[in-house]
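Structure, as structure tokens:
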């Protein structure tokens with residue numbers, strides 16, 4: 059690698075690393091706010107556990123940040139080189155466009171290999187560890203699931219509201235019991251109550267004091283022409299709120315296909331391929347097999363997208379000739395959104411294995427490769 063190659067390679071690498079880092083931070087922050095912030099505010103997550111979980115999010119978001127970050131880095135660097143007339147000077151000196159692109163494609167190959175490793179190894183391991191650590195941290199103090207001044211809907215069949223809570227003692231308690239159509243059939247209001255955790259049965263036990271109960275017609279709960287039956291109580295029977303509906307069974311669960319390693323996906327594929335099913339279950343088996351196949355292809359196509367975006371970004375960056383970071387970032391976002399929109403549309407066909415959506419997942423890459431080759435041809439003709 060000569061001096062020119064090292065100059066272009068280092069320039070693109072620095073810009074791409076900065077873009078990937080920025081995207082990882084933005085995506086990671088969104089996941090932290092959505093999944094962890096509420097637990098931190100209620101004291102269920104110690105700071106050490108919070109930071110460990112935050113780090114485990116990085117491989118997950120990196121699988122999305124790498125393709126877009128490489129595209130942004132290529133657009134930024136080539137746009138700057140073109141705006142400063144450095145590309146013109148290189149071509150005047152007899153250096154062809156493919157020769158200029160060589161170090162950029164080398165970086166793209168290295169980034170694609172990194173993305174494959176993240177998709178098939180680092181991300182699945184981190185995601186499974188993330189779920190285990192988060193569940194264990196929340197289960198360590200499940201009473202904190204009850205957050206004051208919030209409508210709590212985590213327990214199927216119930217909606218809860220608590221005015222205040224201190225060490226398991228509740229005040230101003232409201233409870234709605236729902237039927238299978240999520241209609242309120244029973245309403246309980248109590249001045250206070252006590253909440254405790256039964257570790258043996260994995261349940262929260264709720265005992266209420268000084269309250270009243272309104273029971274609606276279970277067949278027509280929305281008919282208010284007749285007054286509901288009302289009863290008062292000083293001390294209620296315990297209400298059982300099973301935590302298995304919140305945390306699952308508590309043991310290890312088979313991860314979703316997206317969170318499986320390549321070895322696990324391959325094993326699942328072979329198991330489904332070798333299984334025999336009755337005619338009634340044959341279609342469900344084909345759908346399950348197609349989901350595994352689509353997951354494998356999706357991980358490969360995401361890694362290939364790094365090279366595809368490099369192919370598109372190189373001539374596009376030279377043609378646009380912009381030094382502005384915001385403009386190049388906008389172009390990168392528009393291209394990436396177009397790519398992921400096509401991928402999501404194909405993903406909707408996962409219930410129709412007869413259309414072979416696993417192969418259709420390569421269509422966005424094929425479109426972007428054609429676009430990149432067309433842009434390259436136009437640039438070489440100039």
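In our numbering, the protein residues as written are 59 to 440.
Ideal Cβ positions, reconstructed from N, Cα and C, are used throughout, including at glycine.
Which residues bound the alpha helix (DSSP H) around residue 141?
-> As a working mapping, residue 141 is identified with position 83 in the chain shown. Counting along the chain, the alpha helix (DSSP H) containing residue 141 begins and ends at 105–141.
Alpha carbon of residue 428 to alpha carbon of residue 436, nearest angstrom | The sequence position of residue 428 within the chain shown is 370, counting from 1. The sequence position of residue 436 within the chain shown is 378, counting from 1. So the alpha carbons of these two residues sit roughly 12 Å apart.
Exposure label - residue 104; buried when at least 16 CB within 10 Å | Position 46 of the chain shown, counted from the first residue, corresponds to residue 104. Its Cβ having fewer than 16 others within 10 Å, residue 104 is exposed.
In its own chain, which residues sit with a C-beta less than 7 Å from the C-beta of residue 256, not counting the 5 before and 5 after it?
-> Walking along the chain shown from the start, residue 256 turns up at place 198. The residues are 263.
Thinking residue 86 and residue 112 are a contact (beta carbons under 8 Å), I'd like their distance in whole angstroms, please.
-> The residue labelled residue 86 in the question sits at position 28 within the chain shown. The residue labelled residue 112 in the question sits at position 54 within the chain shown. Confirmed, Cβ separation roughly 7 Å.
Between the CA atoms of residue 399 and residue 234 - distance to the nearest angstrom | In the chain shown, the residue the question calls residue 234 occupies position 176. In the chain shown, the residue the question calls residue 399 occupies position 341. Computed Cα separation, rounded: 40 Å.
Just the Cα atoms here: how many angstroms apart are residue 342 and residue 424?
-> On the chain shown, residue 342 is found 284 positions in, with the first residue counted as 1. On the chain shown, residue 424 is found 366 positions in, with the first residue counted as 1. Taking the straight line joining both Cα atoms gives about 30 Å.
Thinking C-alpha only, which one of 187, 416, 372, 390 is nearest residue 430?
-> The residue given as residue 430 occupies position 372 in the chain shown. The shortest C-alpha separation from residue 430 is found at 372.
Close beta carbons around residue 353, own chain, < 8 Å, minus the five adjacent residues each side | For the purposes of this step, residue 353 is identified with residue 295 of the chain shown, where counting begins at 1. 315, 316, 318, 323.
Roughly how many angstroms separate the alpha carbons of residue 102 and residue 294, rounded to a whole number?
-> As a working note, residue 102 is residue 44 in the chain shown. As a working note, residue 294 is residue 236 in the chain shown. The straight-line gap from Cα to Cα measures roughly 28 Å.
Give the C-beta separation of residue 360 and residue 125 to the nearest angstrom, bearing in mind that I take them to be a contact with Cβ-Cβ under 8 Å.
-> Counted from its first residue, the chain shown places residue 360 at position 302. Counted from its first residue, the chain shown places residue 125 at position 67. At roughly 7 Å, the Cβ-Cβ gap stays under 8 Å, so residue 360 and residue 125 are in contact.
Can you say whether residue 97 is buried or exposed, counting buried as having 16 or more other CB atoms within 10 angstroms of its CB?
-> For this step, residue 97 is matched to residue 39 along the chain shown. With 16 or more other Cβ atoms within 10 Å, it is buried.
For residue 414, count neighbouring Cβ atoms within 10 angstroms of its own Cβ and tell me buried if that reaches 16, exposed if not.
-> Locating residue 414 in the chain shown gives position 356, counting from the first residue. The residue in question, residue 414, is exposed, as its Cβ has fewer than 16 Cβ neighbours within 10 Å.
Between which two residues does the alpha helix (DSSP H) containing residue 327 stretch?
-> Locating residue 327 in the chain shown gives position 269, counting from the first residue. Looking at the DSSP string, the run of the alpha helix (DSSP H) that includes residue 327 is 320–332.
Rounded straight-line distance, which links the Cα of residue 162 to that of residue 67 = Counting from one through the chain shown, the residue named residue 67 turns up at place 9. Counting from one through the chain shown, the residue named residue 162 turns up at place 104. Computed Cα separation, rounded: 6 Å.
Do the region 235–252 and the region 138–152 meet, that is, are 3 or more Cβ pairs less than 8 Å apart?
-> no
Could you give the uninterrupted runs of the alpha helix (DSSP H) lying entirely in the region 242–276, keeping only those of 4 residues or more?
-> none
Below 8 Å on the Cβ atoms is my guess for residue 78 versus residue 127; work out the distance and round it to an integer in Å.
-> Walking along the chain shown from the start, residue 78 turns up at place 20. Walking along the chain shown from the start, residue 127 turns up at place 69. Indeed, because the Cβ distance is near 3 Å, the residues count as touching under 8 Å.
Do you know how far the Cα of residue 187 is from the Cα of residue 364?
-> Position 306 of the chain shown, counted from the first residue, corresponds to residue 364. Position 129 of the chain shown, counted from the first residue, corresponds to residue 187. Roughly 27 Å between the two C-alpha positions.
Span separating the alpha-carbon of residue 123 from that of residue 301 = Numbered from its first residue, the chain shown carries residue 123 at position 65. Numbered from its first residue, the chain shown carries residue 301 at position 243. Looking at the two C-alpha atoms, the distance is approximately 35 Å.
State the DSSP-derived secondary structure class of residue 298, mapped to helix, strand or coil.
-> Here residue 298 corresponds to residue number 240 of the chain shown, with the count starting at 1. Here residue 298 sits in strand by DSSP.
Backbone secondary structure at residue 172 - three-state DSSP | Locating residue 172 in the chain shown gives position 114, counting from the first residue. Correct three-state label for residue 172: helix.
For residue 208 and residue 190, the rounded distance between their alpha carbons = Taking the first residue of the chain shown as 1, we reach residue 190 at position 132. Taking the first residue of the chain shown as 1, we reach residue 208 at position 150. Straight-line Cα distance between these residues: approximately 26 Å.
Of all the CB atoms in chain B, is at least one closer than 8 Å to the CB of residue 328?
-> Among the chains in the structure shown there is no chain B, since it carries only a single protein chain.
Look at residue 236 and residue 217 and say whether their C-beta atoms are less than 8 Å apart.
-> Here residue 236 refers to the residue found at position 178 when the chain shown is read from its first residue. Here residue 217 refers to the residue found at position 159 when the chain shown is read from its first residue. It is a contact, given that the beta carbons lie within the stated cut-off.
If you compare alpha carbons, which of 70, 65, 285 is closest to residue 368?
-> Residue numbering aside, residue 368 sits at position 310 when the chain shown is read from its first letter. Looking at the Cα atoms, 70 is the closest of the given residues.
Return the chain-ordered list of same chain residues with a C-beta closer than 6 Å to the C-beta of residue 230, the five sequence neighbours on each side being excluded.
-> Start at 1 with the first residue of the chain shown, and residue 230 comes out as number 172. Result list for residue 230: 221, in chain order.
Close-in-space but distant-in-sequence residues of the same chain around residue 206 (CB under 8 Å, 5 per side omitted) = Taking the chain shown and counting its residues from 1, one reaches residue 206 at position 148. 220, 221, 222, 223.
Can you list, in chain order, the residues of its chain whose CB lies under 7 Å from that of residue 178, leaving out five sequence neighbours each side?
-> For the purposes of this step, residue 178 is identified with residue 120 of the chain shown, where counting begins at 1. 319, 320, 357, listed in sequence order.
Residue burial classification, residue 287 (beta-carbon count within 10 angstroms, cutoff 16) | Sequence index remark: in the chain shown, residue 287 carries index 229 (1-based). With fewer than 16 other Cβ atoms within 10 Å, it is exposed.
So what's residue 222 in DSSP terms, helix, strand or just coil?
-> Taking the chain shown and counting its residues from 1, the one referred to as residue 222 is at position 164. Of the three classes helix, strand and coil, the one that applies to residue 222 here is strand, per DSSP.
With a CB to CB cut of under 7 Å and the five nearest residues on each side skipped, what residues in its chain are close to residue 121?
-> What you label residue 121 is simply residue 63 of the chain shown in a count that begins at 1. Closer than 7 Å at Cβ, skipping near neighbours: 173, 176, 177, 181, 360.
Start and end of the alpha helix (DSSP H) containing residue 228?
-> In the chain shown, counting from the first residue as 1, residue 228 sits at position 170. Segment 227–236 is the beta strand (DSSP E) holding residue 228; no alpha helix (DSSP H) there.
With DSSP as the reference, label residue 293 as helix, strand or coil.
-> Within the chain shown, the letter at position 235 stands for residue 293. Correct three-state label for residue 293: strand.
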